[in-house]
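Q: Going line by line, the protein sequences match chains A and B.
One point on numbering: in the numbering used here, the residue at position 207 of the first sequence is 1020, and numbering is uninterrupted.
One point on numbering: in the numbering used here, the residue at position 57 of the second sequence is 73, and numbering is uninterrupted.
Positions of the beta carbon are idealized from the N, C-alpha and C atoms, including for glycine.
None of the values given here were measured: they were computed from a predicted structure.
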Amino acid sequence: MIEIKNLHKSYQMGKNSLHVLKGINFSVEEGELVAIMGSSGSGKSTLLNILGMLDELDEGSYTLDGVPIKNLNETKAAQYRNKFLGFIFQSFNLINYKTAAENVALPLYYQRVGRKERQEKALKYLEQVGLKEWATHLPSELSGGQKQRVAIARAMAAEPKVLLADEPTGALDSKTSYEVMDLIQKINDQGNTILLVTHEEDIAHMCKRIVHLKDGVIVEDKKVDQVRAEQYV
Amino acid sequence: MKFIFDRNTWQEIFGSISKNKTRTIITIVGVLWGIFIYIALSGAAKGMDNGFEKVFESVSMNSMFVWGQSTSMPYEGFKTGRPMQLKLSDVTTLENRIPEIQNIAPRITLGNFGSDPVFTVRGQKSGSYPVNGDYPVYTRIATKKIFDGGRFINDEDIAQARKVCVIGERNLQELFEKDEDPIGQFIRIGDVYFQVVGVHKLSQGVSFDNDNAIFIPFTTFRKLYNTGENVDYFCIAAYDDVDVVQVEKDVKSLLRNIHRVNPEDERAFGSFNLGEMFTKVSGFAKGMTFLSLVVGIATILAGVIGIGNILLISVKERTKELGVRRALGATPKEVRSQIILESVFLTMIAGVMGIILGAGVLSIINSLTKDLDFPYTNPTVPIPYVLGALLIMVVLGTLIGLIPAQRAVSIKPIDALREE
């Protein structure tokens, strides 16, 4: 599903160049649940941004679902993001003047899906994350865990090939974190490919594979026995 | 282009502006105020224009008066200070020699220019009024509204020097009982009895006569007062497409010629040019219209710039939202169009509201000034002006929307998302 070869990325910080990713080789199969771990500054968020086509790579190649991702202009990148990827952010990034259902329906709007179908789908995915009754509520009326579940429903709504989650539990307490992880595991059980950046060990062990990044290179890439989050909920 | 007519686009834009109410209202007020000022001002200016038009409606616009004064230069053996007397024969000469002249009405008067008004009696009532000896052609230069049942002096009156008169509204009030029909009645003007044939109504606006002026046939006047060929002044109307200022010069120069006055002597004949007067007044009204147009458009401009400003700030505020939208698959073009359409939509709403409000205020002003003695009639804004203003707003709204729109897409989605 994802194929990365010899990926390099550096940032220009004034006169100094900061080499963040120093040759990453990495691939993800369909249906995997991968945790990308590392301390801050290890380059994990940069890697996720490149995977999410929010950032460009300097060197190397990136293939997503057989499509080579390179030299994208903004328009093309936006179309690919819409088609291939679903984003889950640490700070939820819901649009605060739209209701839960409208937030979930937003990626479908950019897919040119009709209004009626958008609403139906939004409700369907809200139901999946257990928030159907909250459909007409604004994000400000939801708790952190609920917001993240709305964000997950939104990421799912476009039916992407890969879900990218940047510290999805970073702003949540452990109980809600486990609820969110439970949801992510269930989505993964349905066969969705999910990449998840985290620096929490317990969250990482709820995935099926852990990739350790340190100073811009992969130091460890192992399959783990998945800890089900259900038991903590 | 399809994007603009897509219902979904508008739902998205409507959602965005209806859910940010404070922002929307503040934005709208700026342009609304602008277009309101524009409509109210240019409507008021137009009302004044119409008002002046109405004031001048009862007289021929390009008309003039000329009268004799006294010479200020010696000429052909004549001394300085020789009084000038217009003669009835001048009429034919003027008409023949100056083809631009449409009508000439010679007039001789008592009670104007320092002479004593004439003592007039009817039964127990009396008064002193100015008396004019006129020709029927006078009504072609200054319309005389005559009350029902009456008439002005006609050619037969002139030919037979009849003792008939047309009286003013005030004469009617002062000499007759209320509800009395004056037509056919006799009044004594000076020592002679005249039959009243009509009552003239004082016209609103510019008038050459008072409401107490009595008109009698020129020929009767000259017989009674033994004035011979003498004329006090000429009312001259030029054709519509003629420059009446030039006619004024020609008339005076011809009169100097006839009466053997130094061609350089500007003081021998006095004149008053209504056309010039009218041009000045209508020029003033046009100036007002232009001023209101400039002020209005400047205000609209300020309002639209205000919209741009607020949108720019809101783009900054919405950086994250726009980043999210782009992460979710909004192309830069979609983001840009959304911002621009928001701008145009807000401008249009504000514009239409401003137009309605302005029209309302104009109609209130109209109803308030209806009965006032003030040159102000029917304040309207021509439709092309309104459409023009709307067009300007749409164009400016688009242009001004471009700035925040460009800013919105120039931020990379990654940076937008990172911004906390």
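Can you tell me whether Gln-140 (chain B) is buried or exposed? The criterion is at least 16 other CB atoms within 10 Å of its CB, across all chains shown.
A: Gln-140 (chain B) should be labelled exposed.
Q: Could you spell out the range, first to last residue, of the alpha helix (DSSP H) harbouring Met-64 (chain B)?
A: Residues 37-71.
Q: Determine the direct distance from the alpha carbon of Ala-253 (chain B) to that of Val-260 (chain B), and round the result to whole angstroms.
A: C-alpha separation (whole angstroms): 8 Å.
Q: Sort A:Gly-1004, A:Gly-958, A:His-821 by Cα distance to Ser-874 (chain A) and report the nearest one.
A: The option with the nearest alpha carbon to Ser-874 (chain A) is A:His-821.
Q: Within the 7 Å Cβ cut-off, does Ile-430 (chain B) reach chain A?
A: Chain A, which has a Cβ nearer than 7 Å to the Cβ of Ile-430 (chain B), makes this yes.
Q: Check whether the segment 917-927 of chain A and the segment 335-345 of chain B touch, using three or more Cβ-Cβ pairs below 8 Å as the test.
A: The answer is yes - the segment 335-345 of chain B touches the segment 917-927 of chain A, with three or more Cβ pairs under 8 Å.
Q: From Ala-352 (chain B) to Gln-422 (chain B), what distance separates their C-alpha atoms?
A: Inspection of the sequence shows that residue 352 (chain B) is occupied by Arg rather than by Ala. Cα to Cα, Arg-352 (chain B) sits roughly 7 Å from Gln-422 (chain B).
Q: Could you give the DSSP three-state label for Ser-298 (chain B): helix, strand or coil?
A: It is helical.
Q: Quick one: which chain A residues come within Cβ less than 8 Å of Gln-27 (chain B)?
A: Result: Arg-928.
Q: For Asp-150 (chain B), which of B:Thr-315, B:Ile-29, B:Lys-160 has the nearest alpha-carbon?
A: When each option's Cα is compared against that of Asp-150 (chain B), the closest is B:Lys-160.
Q: Is the beta carbon of Arg-113 (chain B) closer than 7 Å to that of Leu-271 (chain B)?
A: It is not a contact, given that the beta carbons lie outside the stated cut-off.
Q: For the candidate residues B:Phe-94, B:Gly-143, B:Gly-184, whose alpha-carbon lies nearest to that of Ser-86 (chain B)?
A: Of B:Phe-94, B:Gly-143, B:Gly-184, the residue nearest in Cα terms is B:Phe-94.
Q: Please list, in chain order, the residues of the segment 313-346 of chain B that have any C-beta partner in chain A closer than 8 Å.
A: So the list reads Lys-336, Glu-337, Gly-339, Val-340, Arg-341, Arg-342, Ala-343, Leu-344, Gly-345, Ala-346, given in the order they occur along the chain.
Q: In the segment 354-385 of chain B, which residues sit with their C-beta less than 7 Å from some C-beta in chain A, listed in chain order?
A: Flagged: no residues at all.
Q: If the cut is a Cβ gap below 7 Å, which residues of chain B does Tyr-875 (chain A) touch?
A: The contacting residues do not exist; Tyr-875 (chain A) stays about 16 Å from chain B at best.
Q: Unbroken beta strand (DSSP E) runs of length 3 or more, entirely within the segment 132-193 of chain B: which are they?
A: Segments of the beta strand (DSSP E) lying fully in the segment 132-193 of chain B: 134-138, 141-145, 147-150, 180-184.
Q: In the DSSP output, what is His-216 (chain B) paired with across the bridge?
A: His-216 (chain B) is bridged to B:Ile-162, B:Gly-184.
Q: Of all the options A:Ile-1023, A:Val-917, A:Glu-887, A:Val-1046, which has the alpha carbon lying nearest to the alpha carbon of Pro-952 (chain A)?
A: The option with the nearest alpha carbon to Pro-952 (chain A) is A:Val-917.
Q: Between Tyr-54 (chain B) and Ala-284 (chain B), is the Cβ-Cβ spacing less than 7 Å?
A: No. Outside cutoff.
Q: Looking at the secondary structure, which residues open and close the beta strand (DSSP E) in which Asp-986 (chain A) lies?
A: Premise fails: Asp-986 (chain A) is in no beta strand (DSSP E) and is neither H nor E.
Q: Give the secondary structure of Glu-245 (chain B) by DSSP, where H, G and I count as helix, E and B as strand, and everything else as coil.
A: Of the three classes helix, strand and coil, the one that applies to Glu-245 (chain B) here is coil, per DSSP.
Q: Taking just the CA atoms, how far does Ala-424 (chain B) sit from Val-331 (chain B)?
A: Between Val-331 (chain B) and Ala-424 (chain B), the C-alpha separation is close to 6 Å.
Q: When the Cα of Leu-357 (chain B) is compared with those of B:Val-267, B:Ile-416, B:Gly-206, B:Arg-39, which residue comes out closest?
A: Among B:Val-267, B:Ile-416, B:Gly-206, B:Arg-39, the Cα nearest to that of Leu-357 (chain B) is on B:Ile-416.
Q: The ligand SAH heavy atoms versus the CB of Ala-343 (chain B): any closer than 6 Å?
A: Of the ligands one can find in the structure shown there are none, so the ligand SAH has no counterpart to examine.
Q: Can you check which of these residues, B:Lys-386, B:Tyr-145, B:Ile-232, B:Asp-197, is closest to Val-182 (chain B) by C-alpha distance?
A: If we check each option's Cα against that of Val-182 (chain B), B:Ile-232 comes out closest.
Q: What are the complete alpha helix (DSSP H) segments, minimum 4 residues, inside the segment 955-1010 of chain A?
A: You should have 957-970, 987-1002.
Q: Using a beta-carbon distance cut-off of less than 8 Å, what residues from the segment 877-901 of chain A approach chain B?
A: If the cut-off is 8 Å between Cβ atoms, the segment 877-901 of chain A has Glu-887, Thr-888, Ala-891, Gln-892, Arg-894, Asn-895, Lys-896, Phe-900 near chain B.
Q: Whole angstroms is fine: what's the gap from Leu-309 (chain B)'s alpha carbon to Leu-57 (chain B)'s?
A: Cα to Cα, Leu-309 (chain B) sits roughly 8 Å from Leu-57 (chain B).
Q: Just checking: is the beta-carbon of Asn-906 (chain A) within a distance shorter than 7 Å of some beta-carbon in chain B?
A: Yes, contact with chain B.
Q: In terms of residues, what are the limits of the alpha helix (DSSP H) holding Ser-359 (chain B)?
A: It spans 348-385 - the alpha helix (DSSP H) in which Ser-359 (chain B) sits, taken as one unbroken run.
Q: Can you tell me which of the three DSSP states Leu-407 (chain B) falls into?
A: Helix at Leu-407 (chain B).
Q: What would DSSP say about Phe-129 (chain B), mapped onto helix, strand or coil?
A: In the structure shown, Phe-129 (chain B) sits in coil (DSSP, three-state: anything other than H, G, I, E or B).
Q: In the segment 935-957 of chain A, which residues sit with their C-beta less than 8 Å from some C-beta in chain B, listed in chain order?
A: Those residues of the segment 935-957 of chain A that come within reach of chain B (Cβ to Cβ, closer than 8 Å) do not exist; the list is empty.
Q: State the Cα-Cα distance for the pair Phe-306 (chain B) and Ile-372 (chain B), rounded to the nearest angstrom.
A: Each residue's alpha carbon lies about 22 Å from the other.
Q: So which residues on chain B does Tyr-1045 (chain A) lean against when the C-beta distance must stay under 8 Å?
A: Simply none; closest approach about 29 Å.
Q: Provide the residue span of the alpha helix (DSSP H) that contains Lys-911 (chain A), from first to last.
A: Run containing Lys-911 (chain A): none; DSSP gives neither H nor E here.
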